[in-house]
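If you're matching them up, the sequences are chains A and B in order.
Its first residue numbered 876, the first sequence is counted upward by one per residue in the working numbering.
Its first residue numbered 876, the second sequence is counted upward by one per residue in the working numbering.
Heads up, the thing below is written out as structure tokens.
Protein chains: 2
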Amino acid sequence: MSRRVTSQDVADLAGVSRTTVSFVLNDVHRFSIRPETAEKVRLAAQQLAYYPNASAKALASNQTKNIGLIISRAPQYIASDPFLPQILSGLLDALKENSQGLLLEWVEPGQQLQSYLELTRAHHIDGIILMTPRLDDPGLRALEEADIPVVVMGYIPGSSLHSVDVDNITAAETAVNHLLELGHRSIACITNAALPYTSATQRLEGYKSALQKAGVEFIPELVREADFDIQSGYRQMKSLIESAQEFTAVFVASDNVALGAYSALGEAGLSIPEDVSVVGFDDIPLASFVTPTLTSVTVSGQEIAIESYNLLTRLMRGEMPEFRSVTLPTRLIPRESSREIGRRGKRGAEKKSAKFVSCFNDQ
Amino acid sequence: MSRRVTSQDVADLAGVSRTTVSFVLNDVHRFSIRPETAEKVRLAAQQLAYYPNASAKALASNQTKNIGLIISRAPQYIASDPFLPQILSGLLDALKENSQGLLLEWVEPGQQLQSYLELTRAHHIDGIILMTPRLDDPGLRALEEADIPVVVMGYIPGSSLHSVDVDNITAAETAVNHLLELGHRSIACITNAALPYTSATQRLEGYKSALQKAGVEFIPELVREADFDIQSGYRQMKSLIESAQEFTAVFVASDNVALGAYSALGEAGLSIPEDVSVVGFDDIPLASFVTPTLTSVTVSGQEIAIESYNLLTRLMRGEMPEFRSVTLPTRLIPRESSREIGRRGKRGAEKKSAKFVSCFNDQ
DNA sequence: AGCAACTATTAACGCGCGTTAGTAATGATT
DNA sequence: AATCATTACTAACGCGCGTTAATAGTTGCT
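Right, here's the structure in full:
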């Protein structure tokens, strides 16, 4: 309950003015200060365990030392996201060095405009990183016009906002090409999210493009839209299986969703990769630990986070007025879940391989 | 670049004083205000798209409207945590209703004291939720003495801090009892984290206790310490397999770690549950989608988050001076990964079941 | 001695808001 | 007519800090 320690207290103890304290503790070299004085001040500050009040500092300096990470997705979709921790990990690490804070926000679709306005105007934060943007986000214009640094994780065509992203289209093409090279011709696709999310659209784009370049017909019935979480992957794969469509491989644009697909395939008595090859996307840590290990496209959440943060930092320092969009590299990691189309490649419920089925039927 | 809109602007436009604006927008009923006046003010505020400056508000009112979630773990361990998103999801949801913000912080072991002091003194936040506390955290005393509301997710024996946790000991006992009831007598244990983390110690405690009550000898060589992530689960399980110790079941105190164990078992040619039964902890969403589905103990991250937030809210309102510690229920969810000790229960590298091996050797 | 050119320090203002003490106007009561 | 309550509002202070303009003290040079 002891009164709060202010810079005045430090000044009194050190026998100097509050201004001097401020200069010393903020390393203001414009006004020179005798080393002994500085030392006295530092000692007094330490002795009193003085920590400058964040709000006062923010008000006076017009800098909050916080950046905001905005997730435009409802909490229930956040709960099972294996990718978010990577982003957070990268961001927190980078922020620590500059002793900045991370303010987490989610905005519900429909409330974007107002939320963004409040965020930028209320000035809780110095800069914004926008995650999982939607093409149809009505608040993006407001962000473009707001005079606060913004970096988008992901690509918004036609937007003037700075962005960091992987080349989703090319990456998806590479993934599908991998399947094509293995001899697959009937390749299904399950998106990572609903199509208003740009990454989903782009990855689907890459899928189509790869097929086209290989001269393979695009069959809309082989495409399903998932919704971030495992359940949706399970559902959509089940839907694919139940449809009469034939396919020997599937490109699932999210590892998380792919794991749901694994489950549905197993339940239907289909073996991976004997009956169906699977390629995922994101290369989450788990990908190399599931059975069979999952072929995937590396996307380092940490890297995206760090790159976004670096870009944001430069914007906050007032550098770089010109437009810039960073594209990070991806790499296909072939693992066990994809293999050459085999002799037993024709699928059919009656030809179930015994290998994985047992686990589902025994108990 | 347009100047910031202040409450003075709103006052001018509405033709009243700044004070009146403040009263209207903050719903201060102590001073009555004519409805028409209030309406004028509200209209003006909306017209100017006025959002009160957060820092100024915080400084004047001594309330930041932010709470801090503190993770005492290094970022690399955050990256693959499947439990964190659940916590965040729950917290974000609850916070939204009170239009509060969430400030994320990690403190590195060794820096706790200073970090906590800064957090509490700098007053960036109104309240603290402390995740994954360590028994040996030297900063806890500082938190106890600081006059800021604190809720700990987890249990710290002997601490006066309010806390929310599941009954780790009982839950672990239940998990191990489940294995005992299935006839297992040689049960290994892999902890979820290093023992300074309280949950790890407690779950190990529950494991020992269950064995003791069943009259089964505790064999230290059957215990391994993992470290949050999948890799550590893989390593520790490998270590167990390579040791000469016999076991027919394993209690892994974290689903995430258990998935690593899955991988190591598969690689060694051991089938789950034919050769080794596995019980996890946390019931992450993935648990019901892996092959075989993982028997686990439900711990709802969302619930823990919401309960912690509720407790914190009451503390921040100044209620409840008395000590309180909330314990949330857990439930064992039997799935495919655990079954009665079988005919083929004796393990040995030469008796590998072909089922899972194929995936590792074929490509 | 006299003036300039530093160096070291501080008084004082403003950031935008919440809030207390006080004023002015109106109606009710003696 | 004078007093008192009530209503509707405002002037003015303070939150704790950063920062500018100004002030005292010191040295160097002619």
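By construction, the Cβ of each residue, glycine as well, lies at the ideal position given by its N, Cα and C atoms.
By the criterion of Cβ-Cβ separation under 7 Å, what are the contact partners of residue i in chain A?
i                  : result
Ile-1208 (chain B) : Residues of chain A passing the Cβ test: none, with the nearest at roughly 13 Å.
Leu-1177 (chain B) : This sequence places Gln at residue 1177 (chain B); Leu is not what is there. Here the neighbours are Ala-954.
Pro-957 (chain B)  : Pro-957
Work out the CA separation of residue j and residue i for me, nearest whole Å.
i                  : j                  : result
Arg-1218 (chain B) : Pro-1095 (chain B) : Note that Arg-1218 (chain B) scores 43 on pLDDT, short of 50, meaning its location in the model is unreliable; the coordinates nonetheless yield the value given after this. Going by the C-alpha atoms only, they are around 27 Å apart.
Arg-1078 (chain B) : Ile-1004 (chain A) : 38 Å
Tyr-1184 (chain A) : Asp-887 (chain B)  : 40 Å
Leu-1190 (chain B) : Ala-1017 (chain B) : 18 Å
Pro-1167 (chain A) : Asn-941 (chain A)  : 42 Å
Leu-1134 (chain A) : Ala-949 (chain B)  : 27 Å
Ser-930 (chain B)  : Glu-1194 (chain B) : 26 Å
Leu-934 (chain A)  : Leu-934 (chain B)  : 8 Å
Ala-1069 (chain B) : Glu-1100 (chain B) : 6 Å
Ala-1050 (chain B) : Ser-1163 (chain B) : 17 Å
Leu-977 (chain B)  : Ile-945 (chain B)  : 10 Å
Ala-969 (chain A)  : Ala-1119 (chain B) : 44 Å
Glu-1019 (chain B) : Ser-897 (chain A)  : 30 Å
Tyr-926 (chain B)  : Asp-1022 (chain B) : 30 Å
Arg-1192 (chain B) : Gly-1002 (chain B) : 11 Å
Gly-1014 (chain A) : Thr-995 (chain A)  : 12 Å
Gln-1087 (chain B) : Phe-1093 (chain B) : 7 Å
Val-1091 (chain A) : Ala-1128 (chain A) : 19 Å
Val-1174 (chain A) : Asp-1042 (chain A) : 10 Å
I'd like to know whether the C-beta of residue i is nearer than 8 Å to at least one C-beta of chain A.
i                  : result
Gln-961 (chain B)  : yes
Gly-976 (chain B)  : yes
Asp-1001 (chain B) : no
Ala-1050 (chain B) : no
Ser-1129 (chain B) : no
Met-876 (chain B)  : Note that Met-876 (chain B) has pLDDT 45, beneath the 50 cutoff, so the model's placement of it is unreliable and the number below is only indicative. Yes, because at least one Cβ of chain A sits closer than 8 Å to the Cβ of Met-876 (chain B).
Glu-980 (chain B)  : yes
Thr-1202 (chain B) : no
Cys-1234 (chain B) : Here the model assigns Cys-1234 (chain B) a pLDDT of 30, short of 50, so the residue's position is not dependable, and the following value carries that caveat. At least one chain A Cβ lies under 8 Å of Cys-1234 (chain B).
Gly-1217 (chain B) : no
Ala-920 (chain B)  : no
Tyr-1072 (chain B) : no
With distances taken from CA atoms, which of the options is nearest residue i?
i                  : options                                        : result
Ala-920 (chain B)  : B:Arg-879, B:Pro-960, B:Ala-1047               : B:Arg-879
Gln-1106 (chain A) : A:Ala-889, A:Ala-924, A:Ala-997, A:Ser-955     : A:Ser-955
Leu-1036 (chain A) : A:Ile-1216, A:Leu-1187, A:Lys-1088             : A:Leu-1187
Trp-981 (chain B)  : B:Arg-996, B:Gln-951, B:Phe-958                : B:Gln-951
Val-1240 (chain B) : B:Ile-1116, B:Lys-1088, B:Asp-1104, B:Ala-1089 : Nothing can be reported for residue 1240 (chain B), as the shown portion of chain B is limited to 876 through 1238.
Arg-893 (chain B)  : B:Thr-881, B:Tyr-991, B:Leu-1207, B:Thr-1045   : B:Thr-881
Gly-890 (chain A)  : A:Arg-905, A:Val-903, A:Glu-914, A:Asn-901     : A:Glu-914
Gly-866 (chain A)  : A:Asn-901, A:Ala-1089, A:Thr-912               : There is no way to answer for residue 866 (chain A), as the model of chain A reaches only from 876 to 1238.
Phe-1198 (chain A) : A:Val-1027, A:Gly-1002, A:Glu-1092, A:Pro-927  : A:Val-1027
Ala-1143 (chain B) : B:Asn-1131, B:Ile-1159, B:Ser-1114, B:Val-1132 : B:Ser-1114
Taking Cβ-Cβ distances shorter than 7 Å, what residues in chain B pair up with residue i?
i                  : result
His-998 (chain A)  : Asn-928, Ala-929, Ser-930
Asp-968 (chain A)  : Pro-950
Ala-933 (chain A)  : Ser-930
Gly-1141 (chain A) : Thr-1166
Counting only C-beta atoms, is residue i closer than 8 Å to chain B at any point?
i                  : result
Gln-883 (chain A)  : no
Ala-954 (chain A)  : yes
Ala-1089 (chain A) : no
Gly-1144 (chain A) : no
Along chain A, which residues have their Cβ under 9 Å away from the Cβ of residue i?
i                  : result
Thr-1007 (chain B) : The premise fails here: Thr-1007 (chain B) is roughly 13 Å from chain A at the closest Cβ pair, so nothing lies under 9 Å.
Ser-1138 (chain B) : Ser-1163, Phe-1164, Val-1165, Thr-1166, Thr-1168
Gly-1014 (chain B) : Chain A residues near Gly-1014 (chain B): none, gap ~13 Å exceeds 9 Å.
Ile-1105 (chain B) : Pro-1160, Leu-1161, Ser-1163, Phe-1164
Name, please, each residue of chain A whose Cβ falls closer than 8 Å to the Cβ of residue i.
i                  : result
Phe-1156 (chain B) : Those do not exist, as Phe-1156 (chain B) stays about 17 Å from chain A at its closest Cβ, beyond 8 Å.
Glu-993 (chain B)  : Tyr-926
Thr-1253 (chain B) : For residue 1253 (chain B) there is no data in the structure shown, the boundaries of chain B being 876 and 1238.
Ser-964 (chain B)  : Pro-950, Gln-951, Ile-953, Ala-954
Gly-1135 (chain B) : Phe-1164
Tyr-1109 (chain B) : Phe-1164
Task: At least three beta-carbon pairs within less than 8 Å, the segment 1134-1147 of chain B to the segment 1110-1121 of chain B - done: yes
- [ ] Indicate whether the contact test is met: 3 or more Cβ pairs, each with one atom in the segment 942-962 of chain B and one in the segment 1163-1179 of chain B, closer than 8 Å.
- [x] yes
Open item on the list: Whether or not the segment 1119-1134 of chain B and the segment 1041-1059 of chain B are in contact is what I'm after, with contact meaning three or more pairs of Cβ atoms, one per stretch, closer than 8 Å; do they touch?
Closed with: yes
Task: At least 3 beta-carbon pairs within less than 8 Å: the segment 1025-1039 of chain B vs the segment 1079-1086 of chain B - done: no
Open item on the list: Using 8 Å as the cut-off, can you tell me whether the segment 1061-1079 of chain A makes contact with the segment 1006-1013 of chain A, which would need three or more C-beta pairs spanning the two stretches below that distance?
Closed with: yes
TODO: Would you check if there are 3 or more beta carbon pairs closer than 8 Å linking the segment 964-978 of chain B to the segment 910-926 of chain B?
DONE: no
Task: Sufficient close CB pairs (3 or more, under 8 Å) joining the segment 1203-1216 of chain B to the segment 1150-1170 of chain B - done: yes
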